[in-house]
Every structure is written in structure tokens, then in C-alpha cells.
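Asker: The structure follows.
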Amino acid sequence: MNADTPPDIPRPYSEVRRRLPGTALINVRPGLSLETMHVPGPSPALVLVHGGLGNLWNFYPQLDRFAGHRELVAYSLAGNGRSEDRAQHSLSGHVRDLAELLAALDVARPVVVGWSYGTAVALEYAKNHPVSGLVLTAGGAFGLTPVWELPLLKLVTALRLYRVLPGGAALRSLAKRTMLHPDSPDSLAADMVRSNPLPRRASAWRTVTDAFWGYDGRDGLDAITCPTLVAHGSADRVVPREAARRTAELLPRGEFHELDRSGHVTVAEQPEAFGALVDSVVNRV
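The following block contains the structure:
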């Protein structure tokens with residue numbers, strides 16, 4: 001894609017929401033139900049794992065693109081979206097949640113797609129469970145947490161500032177400056193805020209600080225032998241490009257792809273290009 005190529009704009013979130021089936025709370029064990037969208041289709045299933053402070057609608061462009069063409073599972077991590085909270089948040093706990101959710105849905109050997117902090121869940125799941133393929137984007141096996149993030153999140157949680165954090169124009173402006181490529185349209189920033197408003201639950205903020213802070217999953221990557229694609233935005237200001245590229249190098253069948261005209265939100269800034277990369281992994285399977 002060259003500099004003259006116009007940005008790829010997904011279908012508006014509100015329209016995608018109307019076109020797709022609703023979500024359901026799937027009980028994975030006593031005391032924990034996860035907000036889930038399960039769309040039937042051909043296998044292998046695509047399992048979509050969102051990032052920190054997110055929910056299953058982070059993947060609305062991919063839900064729109066693949067619904068009816070591929071079995072889909074998208075869910076909100078425990079404590080996020082409408083999912084119930086866990087007593088404690090740990091990465092191993094969230095991996096267990098995913099394993100139990102897929103068992104409840106009778107989904108075997110999926111292609112797992114992780115975005116941002118969701119790449120940590122995807123990688124750790126693949127180390128210990130059979131998968132057909134992996135797609136990691138805006139993340140990797142390390143380097144996911146900016147140095148300023150932990151003190152900021154702890155301050156928000158300690159003072160319960162999540163109850164009064166801004167939305168609307170202020171949040172759209174923040175998303176545009178920190179998460180998106182400079183050429184991404186304002187309409188995309190608006191849809192980001194609509195699909196993923198800042199959570200008003202302390203549990204969503206604790207998920208990041210307790211489960212994902214300082215993640216380093218480089219040990220054991222040699223056990224992941226499925227086809228793996230690591231896609232990274234050319235203008236990602238959250239996760240360093242080198243962390244994604246090095247992750248691909250450490251994976252036995254890893255490939256690195258850079259997505260032009262994209263920041264941290266590759267799944268929405270370049271939905272067709274990203275979807276084509278997912279298709280390439282499915283086709284190899």
C-alpha cells in the first residue's frame with residue numbers, strides 16, 4: 001500500500017451491531033459466565049481475544065467480515081464487557097477461562113486471533129492447547145506495557161476515577177492522538193469510542209495491572225509449531241515494532257507483516273488487509 005492509497009474504512013459499528021446476532025452469557029464453571037458471541041460456520045473456528053480495557057466488540061470489523069464464512073467465537077475477558085468478574089486476575093486464569101469456554105462451545109483446534117494484550121492470552125493458550133493457527137496483532141511475546149501505564153492505571157483504580165473518566169469528544173481526541181494512524185478518519189475514532197467506551201468497572205482496570213503488566217512470554221515459544229502471523233501497524237505508538245518482529249522470529253513458523261497506514265488498532269484501521277492475513281493463515285491450515 002502506498003501513500004496515495006486511501007485509508008480502509010470498515011462498515012460503521014452501529015450497522016455491524018444490527019447485522020450480527022446478539023451476545024450471550026456462557027457459563028464456563030460455577031461463578032463465572034463470559035459474554036460471548038458464537039456464530040456457526042465452517043471450521044477451523046476463529047477465536048478473537050481482545051486487549052486491555054476492551055470487550056468483544058473490539059473486533060467488530062472482523063465479526064462483520066467473517067460472519068457466515070467462518071465459525072466465530074468472540075468473548076469479553078472476565079471482568080470486562082458484560083462478563084462476570086473473577087476473584088483474582090492472572091494471565092493463567094484468563095487462559096483457563098478461554099479453554100473452558102471453548103470446551104463449553106465444543107470448539108477444537110481453532111485459529112486464535114489476539115489483539116494488543118490479547119496476544120498474551122493467545123500465546124499462552126497455544127503453548128498448552130492444540131491450535132490450528134495463530135494471528136497476533138499490535139502485540140507480541142513481550143514489550144506490551146509502556147512504562148507510564150502501571151502508575152496511571154493504579155491511580156485510576158485507587159481513586160475510582162473510572163467512574164468519572166470522560167467520553168465523547170475528549171475520548172475521541174485521545175484515541176486519535178494515541179491509538180490511531182494520523183491519516184485515520186475521525187469517524188473511525190468515533191466508532192472506537194462507541195464500540196469500546198472506557199469501562200466503568202474496577203475489574204477491567206485490574207485485569208491489566210494484575211494479569212498483563214510486565215508480560216514476557218518468550219520462554220516456551222518453540223513449543224508453538226502452528227502457522228503464526230504477527231501483524232503490526234507501521235505507526236503503532238503503544239507496542240514497539242521490534243517486539244512484534246522479534247516475536248515472529250522466535251516462533252518456529254512465525255511470519256512478520258507490517259500494515260501501512262495503521263497505528264495500534266490494526267483490526268479496524270486496515271480491516272481488509274488484516275482480514276486477508278487471517279485468511280492466509282486459515283488457508284495454510
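In this text, residue positions in the sequence shown follow the UniProt record's numbering: the first is 1, and each later residue adds one.
A virtual CB, placed ideally from N, CA and C, is assigned to each residue, including glycine.
For Glu-15, is the classification buried or exposed, using 16 other Cβ atoms within 10 angstroms of its Cβ as the cut-off for buried?
Answerer: Per the 10 Å Cβ criterion, exposed.
Asker: Please report the straight-line C-alpha distance between Ala-268 and Asn-80, rounded to a whole angstrom.
Answerer: Near 20 angstroms, if we compare the C-alpha coordinates of Asn-80 and Ala-268.
Asker: Quick one: measure Cβ to Cβ for Leu-91 and Tyr-125, integer angstroms, because I've assumed they're closer than 8 angstroms.
Answerer: The Cβ separation is near 10 angstroms, so there is no contact.
Asker: Taking the alpha helix (DSSP H) that Ser-195 belongs to, which residues open and close that run?
Answerer: Note, Ser-195: alpha helix (DSSP H), 186-195.
Asker: Confirm, please, whether the CB-CB distance from Val-111 to Gly-238 is below 8 angstroms.
Answerer: Strictly speaking, residue 238 in this sequence is Val, with Gly absent from that position. The answer is no: Cβ separation not under 8 angstroms.
Asker: Report the residue from Leu-171, Pro-271, Val-208 whose alpha carbon sits nearest the alpha carbon of Leu-153.
Answerer: Looking at the Cα atoms, Val-208 is the closest of the given residues.
Asker: Any chance you could list the alpha helix (DSSP H) runs of at least 4 consecutive residues sitting entirely within the segment 111-138, in chain order?
Answerer: The segment 111-138 contains these whole alpha helix (DSSP H) runs: 118-128.
Asker: In terms of residues, what are the limits of the alpha helix (DSSP H) holding Val-49?
Answerer: Where Val-49 is concerned, there is no enclosing alpha helix (DSSP H), although the beta strand (DSSP E) it sits in stretches over 46-49.
Asker: When DSSP labels each residue in this structure, what does Leu-20 get in the three-state scheme?
Answerer: DSSP places Leu-20 in coil when its eight states are reduced to three.
Asker: Starting from Phe-256, trace the beta strand (DSSP E) in both directions and tell me its first and last residue.
Answerer: Here the beta strand (DSSP E) through Phe-256 covers 254-259.
Asker: Taking contact to mean at least 3 C-beta pairs separated by less than 8 angstroms, is the segment 220-229 in contact with the segment 173-193?
Answerer: Result no; under three Cβ-Cβ pairs closer than 8 angstroms.
Asker: Taking C-beta to C-beta, are Gly-68 and Ser-116 nearer than 8 angstroms?
Answerer: No, they are not a contact pair.
Asker: Who are the near neighbours of Ala-3 in its chain, counting only those whose CB is closer than 7 angstroms to its CB and skipping five residues on each side?
Answerer: The predicted position of Ala-3 is uncertain, since its pLDDT is 41 and thus under 50; no value can be drawn from it.
Asker: On a CA-only basis, which of Thr-157, Leu-56, Asp-191, Pro-271 is nearest Arg-261? Give me that one, please.
Answerer: Measuring from the Cα of Arg-261, the nearest candidate turns out to be Pro-271.
Asker: Assuming contact is defined by CB atoms lying nearer than 8 angstroms, are Gly-118 and His-50 in contact in what I supplied?
Answerer: Yes, the Cβ-Cβ distance between Gly-118 and His-50 is below 8 angstroms.
Asker: Between Ser-83, Leu-32, Ala-108, Arg-11, which has its C-alpha nearest Leu-72's C-alpha?
Answerer: Among Ser-83, Leu-32, Ala-108, Arg-11, the Cα nearest to that of Leu-72 is on Ala-108.
Asker: Helix or strand or just coil, what does DSSP make of Ala-141?
Answerer: Ala-141 falls in the coil class under three-state DSSP.
Asker: Note down the Cα distance separating Ala-170 from Leu-32, rounded to an integer number of angstroms.
Answerer: Each residue's Cα considered, the two are about 34 angstroms apart.
Asker: Would you mind listing the alpha helix (DSSP H) stretches within the segment 217-250 that are 4+ residues and don't spill past its ends, in chain order?
Answerer: If we require 4 residues or more, the alpha helix (DSSP H) runs fully inside the segment 217-250 come out as 241-250.
Asker: Could you check where the beta strand (DSSP E) with Val-39 kicks off and where it finishes?
Answerer: Here the beta strand (DSSP E) through Val-39 covers 32-39.
Asker: Rounded to a whole number of angstroms, what is the C-alpha to C-alpha distance between Thr-247 and Gly-140?
Answerer: Straight-line Cα distance between these residues: approximately 6 angstroms.
Asker: Buried or exposed, going by whether 16 or more other CB atoms sit within 10 Å of the CB of Val-35?
Answerer: It is Glu, not Val, that sits at residue 35 in the sequence shown. Burial call: buried.
Asker: Give every residue of the same chain whose Cβ lies closer than 7 angstroms to the Cβ of Leu-101, excluding the five residues on either side of it in the sequence, and list them in chain order.
Answerer: Here the set comprises Ile-26, Val-28, Leu-34, Thr-36, Tyr-75.
Asker: Spatial neighbours of Val-285 within its chain, please: CB distance less than 7 angstroms, with the 5 preceding and 5 following residues excluded, ordered by chain position.
Answerer: Here the set comprises Pro-44, Val-111, Ser-132, Gly-133, Pro-227.
Asker: Skipping 5 residues on each side, what residues in its chain have a beta carbon closer than 7 angstroms to that of Pro-240?
Answerer: Taken in chain order, the residues that qualify are Gly-143.
Asker: Sort Leu-48, Gly-168, Gly-214 by Cα distance to Leu-136 and report the nearest one.
Answerer: It is Leu-48 whose Cα lies nearest to the Cα of Leu-136.
Asker: Can you give the Cα-Cα distance for Leu-77 and Asn-196, rounded to whole angstroms?
Answerer: Roughly 13 angstroms separates the two Cα atoms.
Asker: Would you mind stating whether Gly-263 and Lys-127 have Cβ atoms separated by less than 8 angstroms?
Answerer: Taking 8 angstroms as the Cβ cut-off, Gly-263 and Lys-127 do not qualify as a contacting pair.
Asker: Could you give the DSSP three-state label for Val-156: helix, strand or coil?
Answerer: It is helical.
Asker: Quick check on this structure: which residue in Ala-204, Trp-213, Leu-123 has the alpha carbon closest to the alpha carbon of Gly-254?
Answerer: Looking at the Cα atoms, Leu-123 is the closest of the given residues.
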